[in-house]
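J.:
In full-length UniProt numbering, the protein residues as written are 1 to 389.
1. The alpha helix (DSSP H) spanning residue 377 covers which residue range?
2. In this structure, what does DSSP give as the bridge partners for residue 114?
3. Of the choices 150, 110, 31, 148, whose alpha-carbon is the least far from that of residue 138?
4. What does the alpha-carbon distance come out to for the pair residue 323 and residue 236?
5. Run the CB neighbour count on residue 375, radius 10 Å, all protein chains shown included, and call it buried at 16 or more, exposed below.
6. Do you know offhand how far residue 385's Cα is from residue 315's?
7. Can the beta-carbon of residue 297 be found less than 8 Å from the beta-carbon of residue 256?
8. In or out: residue 25 buried (at least 16 other Cβ within 10 Å) or exposed?
9. Checking 8 Å against the spacing of the C-beta atoms, do residue 101 and residue 39 come in under that value?
10. If you check the beta carbons only, do residue 360 and residue 155 fall under 8 Å apart?
11. In three-state DSSP terms, what is residue 254?
12. Excluding five sequence neighbours on each side, which residues of the same chain lie with their C-beta closer than 8 Å to the C-beta of residue 149?
13. On the premise that residue 202 lies in contact with residue 179, defined as a C-beta separation below 8 Å, what is that separation, rounded to the nearest angstrom?
14. Taking three-plus beta-carbon pairs below 8 Å as touching, is the region 325 to 337 in contact with the region 362 to 371?
15. Reducing DSSP to helix, strand and coil, say where residue 365 ends up.
16. CB residue 162 to CB residue 299, shorter than 8 Å?
17. Could you check the C-alpha separation between residue 128 and residue 195 for me, to the nearest Å?
18. Let me know if residue 160 comes out buried or exposed under the rule of 16 or more other beta-carbons within 10 Å of its beta-carbon.
19. So the candidates are 1, 353, 307, 87; which of them puts its Cα closest to the Cα of residue 28?
20. Is DSSP giving residue 220 helix, strand or coil here?
21. Is residue 153 a contact residue of the ligand GDP, with contact defined as CB to any heavy atom under 7 Å?
22. Run through DSSP, which three-state label would residue 53 get?
23. Report yes or no: do the region 170 to 189 and the region 347 to 355 share at least 3 C-beta pairs separated by less than 8 Å?
24. Taking 7 Å as the limit between beta carbons, can you name the residues of its chain near residue 302, skipping five residues before and five after?
25. Quick one: which unbroken alpha helix (DSSP H) runs of 4-plus residues sit fully inside the region 166 to 218? Chain order, please.
26. For residue 51, count neighbouring C-beta atoms within 10 Å of its own C-beta (all shown protein chains included) and say buried if the count is 16 or more, exposed if not.
27. Could you check what DSSP says for residue 350 in three-state terms: helix, strand or coil?
28. In the DSSP output, which residue or residues are listed as bridge partners for residue 290?
29. May I ask you to list the residues that DSSP assigns as paired with residue 339?
30. How many angstroms separate the CA atom of residue 166 from the CA atom of residue 373?
31. Just to check my reading of the structure: residue 215 and residue 209 have Cβ atoms closer than 8 Å, yes? What is that Cβ distance to the nearest angstrom?
32. If you compare alpha carbons, which of 34, 147, 61, 22 is closest to residue 94?
33. How many angstroms separate the CA atom of residue 349 from the CA atom of residue 1?
34. Going by the CB atoms, is the gap between residue 231 and residue 327 shorter than 8 Å?
35. Please list the terminal residues of the continuous alpha helix (DSSP H) segment that includes residue 164.
36. Return the first residue and the last residue of the alpha helix (DSSP H) that residue 247 is part of.
Take a look at the structure:
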């Protein structure tokens with residue numbers, strides 16, 4: 001996005017890509033369908049030490065601008081839950097669209113190219129070429145010079161797709177500050193009895209309300225052999241810190257205490273698990289029974305005390321768990337934190353202390369929710385830098 005925007009201004013642009021091809025994260029996103037943006041994008045959909053930083057770029061290049069490009073290229077897409085937009089056919093459509101735009105603007109892209117070093121040119125030099133790069137291109141050492149140097153390196157998430165801390169190293173080299181970084185949009189793991197609980201239910205999905213640190217999401221969770229994944233868990237992971245608890249409401253649309261107390265009178269001869277089967281999977285109820293009311297399992301509901309039912313109901317609506325950790329950067333969709341936005345112009349993405357040096361996308365301390373927001377940040381920040389770089 002940055003390259004095609006700059007090239008459309010008449011700039012001579014070279015993209016350096018370490019991998020054998022560009023856009024691997026685009027191709028794997030959204031189950032191969034690429035959740036490329038969202039119909040509703042606001043600053044509140046992002047996490048940053050400076051919550052206002054992303055506003056300028058998001059308003060300069062909006063979701064409607066990207067949707068317009070998608071429609072010009074006649075790419076069929078669909079809207080899914082929570083206004084998320086996906087390709088109908090393949091994520092390749094988005095990648096090919098961007099590559100076509102780059103080709104039409106005259107952008108040169110070199111794959112298999114490793115950046116070895118970058119240095120600012122001598123300040124006393126009269127040349128407009130402010131940066132000197134040493135690169136390894138398919139075992140050939142090359143020296144490149146440029147006026148503007150844009151770092152769009154991504155971050156630490158999913159190293160198998162090229163994620164690394166290279167962008168952070170460049171930032172530190174030029175005196176920029178980094179905020180604390182964590183794996184974001186990542187599944188939770190457990191090491192206590194909950195690990196066996198999750199293993200037994202591996203593959204089961206259900207809608208819940210999950211929260212951490214006063215932020216909640218109503219979405220599906222997915223039990224795995226390691227712990228809990230699914231959209232709700234990934235969203236909450238952005239707000240969770242090691243040692244924190246998470247809370248799960250297994251019946252987000254029901255007051256469990258009202259329901260069970262009413263059922264005690266209307267279905268007094270039924271077993272509790274039989275009643276719960278109306279709203280929860282049998283396999284989940286079986287495991288919860290073992291955890292919470294095993295000694296009462298064969299009693300009819302009418303023989304439970306109100307206090308016993310209310311105690312079980314409170315857990316159903318407010319199940320508190322403490323993860324041992326997350327799956328980490330190996331499976332994290334994003335890296336939370338990054339280059340401190342205090343050191344970056346929110347309008348141009350240029351480093352305030354280093355003319356001609358730009359940082360865009362995930363490498364910055366701007367992290368979006370699940371739902372197309374991180375791609376929109378990539379498009380918007382790339383465009384903002386491309387207008388001036």
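Heads up, the beta-carbon is just placed ideally off N, CA and C, and yes, glycines get one too. Remember, predicted model here, so these are calculated numbers, not experimental data.
T.: Checking against the coordinates, here is how it stands:
1. 373 to 386
2. 136
3. 110
4. 12 Å
5. buried
6. 49 Å
7. no
8. buried
9. no
10. no
11. coil
12. 118, 130, 131, 133, 356, 357, 358
13. That pair is no contact at about 35 Å.
14. yes
15. coil
16. no
17. 59 Å
18. exposed
19. 87
20. strand
21. Inclusion of the ligand GDP in the displayed structure is not the case, the ligand content being empty and no account of it being possible.
22. coil
23. yes
24. 264, 268, 269
25. 166 to 173, 193 to 200
26. exposed
27. strand
28. DSSP lists no partner for residue 290.
29. 178, 364
30. 23 Å
31. Going by Cβ atoms, the distance from residue 215 to residue 209 rounds to 11 Å, so no, they are not a contact pair.
32. 34
33. 14 Å
34. no
35. Premise fails: residue 164 is in no alpha helix (DSSP H) and is neither H nor E.
36. No alpha helix (DSSP H) contains residue 247, which is instead part of the beta strand (DSSP E) from 246 to 249.
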